Amino acid sequence: LAPNYSNRSTATTLRTLLKDRKNEMLGLAKVNARLFLNQKLSPAIIQQIPLDLRANIEQAVSLTGRLEVMHMDDFEHPENSRYDYSLVVGRDKYALYPTQPIISASGAILSVSGSRLDKILVVETEEATQFRVITPAPPPDSVGEQKTLILLVDFLDSGPRPFTPDEAKRLVLGNNRDSNLNKFYLEQSYNKMWFSGYPG
Numbered sequence: 043l044a045p046n047y048s049n050r051s052t053a054t055t056l057r058t059l060l061k062d063r064k065n066e067m068l069g070l071a072k073v074n075a076r077l078f079l080n081q082k083l084s085p086a087i088i089q090q091i092p093l094d095l096r097a098n099i100e101q102a103v104s105l106t107g108r109l110e111v112m113h114m115d116d117f118e119h120p121e122n123s124r125y126d127y128s129l130v131v132g133r134d135k136y137a138l139y140p141t142q143p144i145i146s147a148s149g150a151i152l153s154v155s156g157s158r159l160d161k162i163l164v165v166e167t168e169e170a171t172q173f174r175v176i177t178p179a180p181p182p183d184s185v186g187e188q189k190t191l192i193l194l195v196d197f198l199d200s201g202p203r204p205f206t207p208d209e210a211k212r213l214v215l216g217n218n219r220d221s222n223l224n225k226f227y228l229e230q231s232y233n234k235m236w237f238s239g240y241p242g
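The opening residue of the sequence shown carries number 43 in my numbering; numbering runs sequentially from there.
So this is what it looks like as structure tokens:
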């Protein structure tokens, strides 16, 4: 027999339980997306819950949107570093919690099927039917050769020039991308970005 939720006491108890469960599930999504999916309610159970209480329950959804990725670095405690994902669907933005890290950059268009609770989405990313990259992220503007103009400016109180234009060029650009600046950016960009130019 289905529970009698028309009883006021039963309905109040159920409302409290569902709100408490919702808070627990929201916290669980942040630390273990797979466990969240394992704990979701079945459609048969959800059908027994009154419509006005279902806002506190995860809902199955299929959405297409734009991925946003943020890398959070904790240099003192590297174990706390993480990637945060969001899915932008029209004017709505959802925190996206995948079961595995998403190997894609911001701007990719995704099709996902998962569980939504408030403004979070939890998705099984290892299933092609649940997670698919429709359009890869566009290449960033800041890759390849960056043509750079070096301006040497004299102020009234600058004093004597510390270096000549040619010395400035060598300092910033080096010869054949071997300046410290270029070495740094080549390393940080996995050899995808470097500077060239001429001092003006």
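For every residue, glycine included, the Cβ atom is placed at its ideal position computed from N, Cα and C. Predicted model only: the values in this text are computed from it and were never measured.
* Asked: Under 8 angstroms, do Ser153 and Leu138 count as touching if we go by C-beta distance?
  -> Start at 1 with the first residue of the sequence shown, and residue 153 comes out as number 111. Start at 1 with the first residue of the sequence shown, and residue 138 comes out as number 96. The answer is no: Cβ separation not under 8 angstroms.
* Taking the Cβ atom as the reference point for each residue, do Leu105 and Gly149 lie within a distance shorter than 8 angstroms? -> As a working mapping, residue 105 is identified with position 63 in the sequence shown. As a working mapping, residue 149 is identified with position 107 in the sequence shown. Cβ atoms of Leu105 and Gly149: not closer than 8 angstroms.
* To do: Using only alpha-carbon positions, find the residue among Ile91, Leu93, Ala170, Ile99 that is nearest to Gln81.
  => Residue 81 sits at position 39 when you count from the first residue of the sequence shown. Checking every option, the nearest Cα to that of Gln81 belongs to Ile99.
* **Environment of Asp62 [buried if 16+ CB atoms lie within 10 Å]** => Reading the sequence shown from its first residue, position 20 is the one you call residue 62. When all chains shown are included, Asp62 counts as exposed.
* Do Val164 and Ala71 have their C-beta atoms closer together than 8 angstroms? -> Position 122 of the sequence shown, counted from the start, is the residue given in the question as residue 164. Position 29 of the sequence shown, counted from the start, is the residue given in the question as residue 71. In this structure, Ala71 lies closer than 8 angstroms to Val164 by Cβ.
* Within the same chain, show all residues whose beta-carbon is closer than 6 angstroms to that of Gly242, passing over the 5 residues directly before and after it, in chain order. => Residue 242 sits at position 200 when you count from the first residue of the sequence shown. Note that Gly242 scores a pLDDT of 41, beneath 50, so its modelled location is shaky and nothing firm can be said.
* Asked: Can you check whether the CB of Ser157 is closer than 8 angstroms to the CB of Gln101?
  -> Walking along the sequence shown from the start, residue 101 turns up at place 59. Walking along the sequence shown from the start, residue 157 turns up at place 115. Yes, the pair counts as a contact, with Cβ atoms nearer than the cut-off.
* Asked: Looking at the structure shown, is Thr171 part of a helix, part of a strand, or coil, going by DSSP?
  -> Taking the sequence shown and counting its residues from 1, one reaches residue 171 at position 129. Three-state result, Thr171: coil.
* Asked: How is Ile192 classed by DSSP in three states: helix, strand or coil?
  -> What you label residue 192 is simply residue 150 of the sequence shown in a count that begins at 1. Note: Ile192 maps to strand in three-state DSSP.
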